[in-house]
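Report on the following structure.
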Amino acid sequence: MLGNNDGFQATQDTLSATGQQIGFDYTFMRNKRFQIQLGLSARFSTVTQSFSQPLFTVPDLGYEEPIGIPTQFLSRRARDNDMAIQVDLLYRITPSFSVGLEFWRQLDRLNQLSGSFIGLDAKYWIPAGNLF
Amino acid sequence: MRYHLTLFALLLCVSLSAQTENRTLKFESENGYWQINAGYFLPVTTKFPFTRYTTDTLGLPPRRFGISPSREIEVDGVNYSYYSRPAQLARATDPSNWWAFKLGIRRTFSYGLSLRIEVFRTNAI
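Going down the list, the protein sequences come from chains R and S.
Numbered per this note's numbering, the first sequence spans residues 1 to 132.
Numbered per this note's numbering, the second sequence spans residues 1001 to 1125.
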């Protein structure tokens, strides 16, 4: 919960993004069980921001009472496109299956938001002629 | 006859082994593989500097969200436009519930290059 001293109070909110990434990768250490991939991608996402109980106060100007924000502010969506870099460390359990540790960092154009993530990643490899 | 059968079996085993080994070795060097990947991610570092949209915003809309002022108030002849602050600040105080999930497909080409297309969903943007 945010305090009243800065004029905004939200008791609860959610923020999520759904989108696509298109990127190129380069694989190091080919023909080994261990592989390293370095990638750069562009992200095209739609951000959904929701407030469950938004309140707005203006204590600096003497408006202490909460002012309800119109209904349309309870949920709003916006495009939020940026870029990301990622490093993949893969271990080939079999020729067609690998698990990996992936690190990716977002590059925000406006430098307002950024973050780094690390996660587990599973990959299944199929010869191109057998997929379609 | 038995000698020939044994020799044939031995050669067959060597051949199959060689083929298996050859397939393993050339897997990565051969172009044209599709890769389907899925992963779950958690934050390791965070940096969330924010621009505050509070009492002195004065008509500058939040850069990341194309929203209208939530309220306009005139005080001493000055029009104040108020914007609700982005919700990230509230969320930044509790990053323990962040997550991200990705599902993608990748096509490998020569020289170790690949093209990747992924869809993702995250609560950290």
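In this text, a Cβ means the ideal position worked out from N, Cα and C, and glycines have one as well.
In this structure, R:F24 is the residue among R:A17, R:S16, R:F24 with its C-alpha nearest to the C-alpha of Y1111 (chain S). Per DSSP, the beta bridge partners of M83 (chain R) are R:A42, R:L107. Annotation: Cβ neighbours of L1042 (chain S) in chain R (cutoff 7 Å, chain order): F117, I118, G119. At the C-beta level, T27 (chain R) and Q21 (chain R) stay beyond 8 Å of one another. In terms of beta-carbon proximity, A42 (chain R) stays away from the interface with chain S, with every pair separated by 8 Å or more. Among the CB atoms of chain S, none fall inside 8 Å of the CB of F34 (chain R). I22 (chain R) reaches chain S at L1115, R1116, I1117, E1118, counting residues in chain order whose Cβ is nearer than 9 Å. In the DSSP assignment, R33 (chain R) falls outside any beta strand (DSSP E) and carries neither an H nor an E. Put simply, the CB of I126 (chain R) is near chain S, with a gap under 8 Å to one of its CB atoms.
Under DSSP, the beta-bridge partners assigned to Y26 (chain R) are R:L38, S:L1113.
Not one beta carbon of chain S lies nearer than 8 Å to the beta carbon of Y91 (chain R).
Annotation: the continuous beta strand (DSSP E) that includes G1104 (chain S) extends over 1100-1108. Between Y1040 (chain S) and G119 (chain R), the gap from beta carbon to beta carbon is short of 8 Å.
Distances from the CA of L107 (chain R) to each of R:A122, R:R92, R:G39, R:S96 were compared; the closest alpha carbon is that of R:G39. Linking L89 (chain R) to W1098 (chain S) through their CA atoms gives a straight-line distance of about 22 Å. Taken through DSSP and simplified to helix, strand or coil, G1032 (chain S) comes out as coil. In the assembly as shown, A128 (chain R) is an exposed residue. Its beta-carbon has fewer than 16 other beta-carbons within 10 Å. Counting the other Cβ atoms within 10 Å of the Cβ of T1108 (chain S) gives 16 or more, which makes it buried. Only buried fits T1122 (chain S), as 16 or more other CB atoms lie within 10 angstroms of its CB. In terms of Cα proximity to E102 (chain R), the closest of R:I93, R:K123, R:A42, R:S96 is R:K123.
S116 (chain R) places its beta carbon 8 Å or farther from that of R1116 (chain S).
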